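Undergrad:
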Amino acid sequence: MSNPINRPILVTGATGKQGGAVVRALLEVGRPVRAMTRDTSSAAAQALAARGVEVVRGDFNDPASLDAALAGVDGVFSMQMGSQPADPDTEVVTGKALIEAAGRAGVDTIVHTSVARAGDQTNFVGWDEGRWEPLYWNNKAAVIDMVKAQGFRHWVVLKTAMIMENLVPPMVETMWPSLRERGQFETAIAADTGIDWIAARDIGAFAAAAFADPERFHGHEVDLAAETATLPEVAAKITKATGKQVSAVTLSEEETLAKPYGELMYKHEEWTNVEGYKVDLDAVRRWRVPLTALDEFVEQNRSNFVIG
35 MSNPINRPIL VTGATGKQGG AVVRALLEVG RPVRAMTRDT SSAAAQALAA
85 RGVEVVRGDF NDPASLDAAL AGVDGVFSMQ MGSQPADPDT EVVTGKALIE
135 AAGRAGVDTI VHTSVARAGD QTNFVGWDEG RWEPLYWNNK AAVIDMVKAQ
185 GFRHWVVLKT AMIMENLVPP MVETMWPSLR ERGQFETAIA ADTGIDWIAA
235 RDIGAFAAAA FADPERFHGH EVDLAAETAT LPEVAAKITK ATGKQVSAVT
285 LSEEETLAKP YGELMYKHEE WTNVEGYKVD LDAVRRWRVP LTALDEFVEQ
335 NRSNFVIG
């Protein structure tokens, strides 16, 4: 039997922030990487190939393509797009397809990425009244349950808090377009609400660590955050790094609902006020995987901020 370290890790979502960070972390430690994409000729796929990544075609709706993509791999980094109201089953259907295909392929280790508090949603204040996006939370929990039930020799779930890359393009244009327009975080998140933050590269580092030592990580749902900071504190860090004034403005419910994606954003932001990710930072540090501080992230990305 070949040495597992010589067999590739299949990374889904390899052209995105999280998947891309996993690819980089694995390459840095010399692990062979196979990236799955629907279009192997895309510029993003070709950029991966130029870095020594094996790029293969795979489609969650095509079981044969998944079987081919998974052939001979040691591990899988599992990431699915979230469901939308127009297509509410996407996340569960694609997660099920990948997990079952990985099971058929005899994959040793699966590292699945999700969100902190997924699986704990029935304990949220107001959950029984339908207060918080049940589609979002129930689908996240359902895929985690499938990962745990499939029978992999090793499974790990990385449950991320707020990703720092949401502060810069392209995601900031959805989360806080007012940063570009007026130099402000305009949000229903209260000024004194602490938000747990994690950099994408730390997600990659944890995934690489789990693939390197699957026995240590097996059976754990690992909440991920490096620190807690309010939006005014984040604004001050960006101001210091860029020299451009950034502030945080708390909007009323009515003001938030009037914005594009207002209802969706308000529910998320009010959830942050009432519940939040509640990551145990000491528990994260006990894994002894290096973490990125917000100051470090902001300084490294100071030229990427677009501030009005």
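Under the numbering used here, residues 35 to 342 are what the sequence shown spells out, in order. For each residue, glycine too, the CB sits at the ideal point set by N, CA and C. Values in this document were obtained by computation on a predicted structure and should not be read as measured data.
1. Go ahead and pull the three-state DSSP assignment for residue 35.
2. Looking at the secondary structure, which residues open and close the alpha helix (DSSP H) in which residue 53 lies?
3. Determine, using beta-carbon pairs with one atom in the segment 58–74 and one in the segment 121–131, whether at least three such pairs fall under 8 Å.
4. Between residue 104 and residue 48, which are expected to be in contact by the criterion C-beta below 8 Å, what is the C-beta distance as a whole number of angstroms?
5. Let's test the definition: count the other Cβ atoms within 10 Å of the Cβ of residue 79 and tell me whether it reaches 16, buried, or not, exposed.
6. Under a three-way DSSP split, which group does residue 283 fall into?
7. Output needed for residue 342: all residues of its chain with C-beta closer than 6 Å, excluding positions within five of it in sequence on either side, in chain order.
8. Tell me whether residue 252 sits in a helix, a strand or coil according to DSSP, three-state version.
9. Along the chain, where does the beta strand (DSSP E) containing residue 88 start, and where does it finish?
10. What is the DSSP secondary structure of residue 308, reduced to helix, strand or coil?
11. So, residue 147 versus residue 194, is the Cβ gap smaller than 8 Å?
12. Relative to the C-alpha of residue 312, which candidate in 183, 203, 149 has its C-alpha closest?
13. Short of 8 Å in beta carbon distance, which residues of its chain neighbour residue 58, apart from the five on each side in sequence? Order them along the chain.
14. For residue 276, collect the residues of the same chain with a Cβ closer than 7 Å to its Cβ; drop the 5 residues on either side in sequence, then sort them by chain order.
15. Count the other C-beta atoms from every protein chain shown that fall within 10 angstroms of the C-beta of residue 53, then say buried if there are 16 or more, exposed otherwise.
16. Where does residue 299 sit, in a helix, a strand or coil, going by DSSP?
17. Unbroken beta strand (DSSP E) runs of length 3 or more, entirely within the segment 73–112: which are they?
18. Give me the DSSP bridge partner(s) of residue 69.
19. By how many angstroms is the C-alpha of residue 120 removed from the C-alpha of residue 246?
20. Between residue 303 and the rest of its own chain, which residues show a CB-CB distance below 6 Å, the 5 nearest in sequence each way excluded?
21. Residue 162 by DSSP, collapsed to three states: which one?
TA: The short version:
1. Only weak support exists for where residue 35 lies, its pLDDT of 46 falling under 50; the value from the coordinates is given anyway. Three-state result, residue 35: coil.
2. 51–62
3. no
4. At roughly 14 Å, the Cβ-Cβ gap does not stay under 8 Å, so residue 104 and residue 48 are not in contact.
5. Counting Cβ neighbours within 10 Å, residue 79 comes out buried, since at least 16 surround it.
6. strand
7. Excluding residues within five positions, the ones whose Cβ falls inside 6 Å are 214, 215, 216, 217.
8. coil
9. Looking at the DSSP string, the run of the beta strand (DSSP E) that includes residue 88 is 88–91.
10. helix
11. yes
12. 149
13. 235, 238
14. Around residue 276: 336, 339, 341.
15. buried
16. helix
17. 88–91, 109–112
18. 45, 89
19. Going by the C-alpha atoms only, they are around 39 Å apart.
20. 221, 222, 223
21. helix
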